[in-house]
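**Q**
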Amino acid sequence: MSRAFVFPGQGSQTVGMGSDVAEAYASAREVFEEIDEALGQNLSKLMFNGPDDELLLTENAQPAIMAVSLAVMRVLTKDGGLDLTNTAAYVAGHSLGEYSALATAGCFSVADTARLLKTRGRAMQDAVPVGKGAMAALMGLELDDVAAVAAQAAEDGVCAAANDNAPGQVVVSGDTAAVERAIELAQERGAKRAIKLPVSAPFHCALMAPAADVMAQALATVPMSPVMVPLIANVTASEVSNTSEIRRLLVEQVTGMVRWRECVTAMKEKGVDTIVEIGAGKVLSGLARRIDKDLSATPVGTPESIEEFLKTL
Numbered sequence: 123m124s125r126a127f128v129f130p131g132q133g134s135q136t137v138g139m140g141s142d143v144a145e146a147y148a149s150a151r152e153v154f155e156e157i158d159e160a161l162g163q164n165l166s167k168l169m170f171n172g173p174d175d176e177l178l179l180t181e182n183a184q185p186a187i188m189a190v191s192l193a194v195m196r197v198l199t200k201d202g203g204l205d206l207t208n209t210a211a212y213v214a215g216h217s218l219g220e221y222s223a224l225a226t227a228g229c230f231s232v233a234d235t236a237r238l239l240k241t242r243g244r245a246m247q248d249a250v251p252v253g254k255g256a257m258a259a260l261m262g263l264e265l266d267d268v269a270a271v272a273a274q275a276a277e278d279g280v281c282a283a284a285n286d287n288a289p290g291q292v293v294v295s296g297d298t299a300a301v302e303r304a305i306e307l308a309q310e311r312g313a314k315r316a317i318k319l320p321v322s323a324p325f326h327c328a329l330m331a332p333a334a335d336v337m338a339q340a341l342a343t344v345p346m347s348p349v350m351v352p353l354i355a356n357v358t359a360s361e362v363s364n365t366s367e368i369r370r371l372l373v374e375q376v377t378g379m380v381r382w383r384e385c386v387t388a389m390k391e392k393g394v395d396t397i398v399e400i401g402a403g404k405v406l407s408g409l410a411r412r413i414d415k416d417l418s419a420t421p422v423g424t425p426e427s428i429e430e431f432l433k434t435l
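So the mapping is simple: our numbering equals the position in the sequence shown, first residue as 1, plus 122.
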């Protein structure tokens, strides 16, 4: 068996996230406390109790999703005795999940990861005035078709493929008017569904350039250690271990497309047969099965799933 540990991105947040893991394990509580202290914010209280509209804010959702992933990893390593280098061949994460993956692989400290994601979330939100940008999921069209739709829809604005999540599931991002044109054009091309997403900013497109500049500055000042296992990077869908290269790719990732379908395919081609999704929700497990039905996918994010997973080691 060859495993890859993968980490979810924005959209996996829900009120109550991580509370069952915190209740069951002191080691998980330690992670939530570390993150609260690093941010000078009672993020764990917001995660456990809401309100929902505050948790949904990008600057809160991003570190919150990471917090659950790292709390689960702390339980696996500290309570379960898991050794990452003996258990996972690769790590990868969807968008912000790439930071969770890198923290798991020892590249960033927990506190630095929390601060970086707080900065990233705030910068992405601030990059575009509310209402000026949008994102839409175009279901039933492949990437080439979506790229053509986006190019046609852009006109004088911005519209681009932002997330290539799985076959027939591609997200576009850009100026609101351009994204709305893309929805119409996608339907004309036979998309099964084309719907605007409930997001507060147009992530992973050229409109995020100001946020990329902010992250370049933030990442330049944060210590980075060599990764214990290689990362499959979002923007290249290829293996990377060099810290300076990782830093550069994290900056590119802000405006670049998340090539998740290709990331999963690349891991499969490198011998991975089992995807282990660490943290909140089961989104990446579902995508893995859509990308390659021969892949096994295991979500690990609750006390029950943690205990079951540890039995397989």
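Note that CB positions come from ideal geometry on N, CA and C, so glycine has one too.
(1) Using 9 Å as the threshold, is the C-beta distance between P173 and V213 below it?
(2) Checking 9 Å against the spacing of the C-beta atoms, do V252 and G423 come in under that value?
(3) Identify every run of the alpha helix (DSSP H) within the stretch 370-400, keeping only runs that are complete inside it and at least 4 residues long; order them along the chain.
(4) Quick one: is I317 buried, meaning 16 or more other Cβ sit within 10 Å of its Cβ, or exposed?
(5) Considering only residues of the same chain and omitting the five flanking positions on each side of V307, which have a CB-CB separation below 8 Å?
(6) Go ahead and label L341 buried or exposed: buried means 16 or more other beta carbons lie within 10 angstroms of its beta carbon, across all protein chains shown.
(7) Between L108 and L265, is the Cβ-Cβ spacing less than 9 Å?
(8) I'd like to know whether the C-beta atoms of H216 and L417 end up nearer to each other than 9 Å.
(9) If we ignore side chains and look at the alpha-carbon of each, how far apart do A282 and G296 end up?
(10) Please return the same chain residues whose Cβ sits closer than 6 Å to the Cβ of V190, not counting the five positions on each side in sequence.
(11) Within 10 angstroms of its Cβ, does L168 collect 16 or more other Cβ (buried), or is it exposed?
(12) Give the range of the beta strand (DSSP E) segment to which M261 is assigned.
(13) Hey, quick one: how far does the alpha helix (DSSP H) through Q247 stretch, first residue to last?
(14) State the beta-bridge partners of K318 as determined by DSSP.
(15) Applying the 10 Å Cβ sphere with the 16-neighbour rule, what's the burial state of R381?
(16) Just to confirm the assignment: which complete alpha helix (DSSP H) runs, minimum length 4, are found wholly within the stretch 264-332?
(17) Assuming V292 contacts L319 (C-beta within less than 8 Å), just tell me the rounded distance between them.
(18) A233 and A333 look like a contact to me (Cβ under 8 Å); what is the Cβ gap, rounded to whole Å?
(19) Please report the distance separating the alpha-carbon of M389 from that of G203.
(20) Exposed or buried, which one is L192 when buried takes at least 16 other CB atoms within 10 Å?
(21) Taking the continuous alpha helix (DSSP H) assigned at V197, which residues delimit it?
(22) Measure the alpha-carbon distance for K200 versus N285 and round it to whole angstroms.
(23) What residues in its chain sit with their C-beta under 8 Å from that of G408, if we drop five residues either side in the sequence?
(24) Return yes when the Cβ of V321 is within less than 9 Å of the Cβ of M257, no when it is not.
(25) Tell me which same chain residues have a C-beta within less than 8 Å of the C-beta of Q443, skipping the five on either side of it?
(26) Measure the alpha-carbon distance for T434 versus D395 and round it to whole angstroms.
(27) Could you name the residues that DSSP lists as bridge partners for R125?
(28) Mind checking which residues open and close the alpha helix (DSSP H) that includes G219?
(29) Are there 16 or more other CB atoms within 10 angstroms of the CB of P345, so buried, or fewer, so exposed?
(30) Sort V336, T235 and L177 by Cα distance to S347 and report the nearest one.
**A** The structure says:
(1) The answer is no: Cβ separation not under 9 Å.
(2) Cβ atoms of V252 and G423: not closer than 9 Å.
(3) Here the runs fully enclosed are 382-391.
(4) By the C-beta density criterion, I317 is exposed, having fewer than 16 other C-beta atoms within 10 angstroms.
(5) The question names Val, but residue 307 in the sequence shown is Leu. Within its own chain, the residues whose Cβ lies closer than 8 Å to the Cβ of L307, once the five positions on either side in sequence are excluded, are V271, Q274 and A275, listed in chain order.
(6) A buried status is given to L341, since no fewer than 16 other beta-carbon atoms sit within 10 Å of its beta-carbon.
(7) One cannot answer for residue 108 here, as it falls past the ends of the chain, which runs 123 to 435.
(8) Taking a C-beta distance under 9 Å as the contact criterion, H216 and L417 do not qualify as a contact pair.
(9) Looking at the two C-alpha atoms, the distance is approximately 6 Å.
(10) These residues qualify, in order along the chain: M139, G140, G401 and A402.
(11) By the 10 Å Cβ count, L168 comes out buried.
(12) Residue range G255 to M261 is occupied by the beta strand (DSSP E) that includes M261.
(13) Here the alpha helix (DSSP H) through Q247 covers V232 to D248.
(14) Looking at the DSSP assignment, K318 forms a beta bridge with A258.
(15) So R381 ends up on the buried side.
(16) The stretch 264-332 contains these whole alpha helix (DSSP H) runs: 265-276 and 298-310.
(17) The Cβ separation is near 12 Å, so there is no contact.
(18) A Cβ-Cβ separation of about 21 Å leaves A233 out of contact with A333 under the 8 Å criterion.
(19) A direct Cα-to-Cα measurement between M389 and G203 gives close to 25 Å.
(20) The C-beta of L192 has 16 or more other C-beta atoms within 10 Å across all chains shown, which makes the residue buried.
(21) Neither: V197 is in no alpha helix (DSSP H) and is coded neither H nor E.
(22) It is roughly 34 Å from the alpha-carbon of K200 to the alpha-carbon of N285.
(23) Excluding sequence positions up to five before and after G408, its CB lies within less than 8 Å of the CB of A419, all in the same chain and listed in chain order.
(24) A contact, by the Cβ cut-off of 9 Å.
(25) Any property of residue 443 remains undetermined from this structure, which presents the chain solely from 123 to 435.
(26) In this structure, the alpha-carbon of T434 lies about 14 Å from that of D395.
(27) Under DSSP, R125 takes part in a beta bridge, and its partners are T396.
(28) If you look at G219, you'll find it in the alpha helix (DSSP H) that goes G219 to T226.
(29) So P345 counts as exposed.
(30) Selected option, being the one with the closest Cα: T235.
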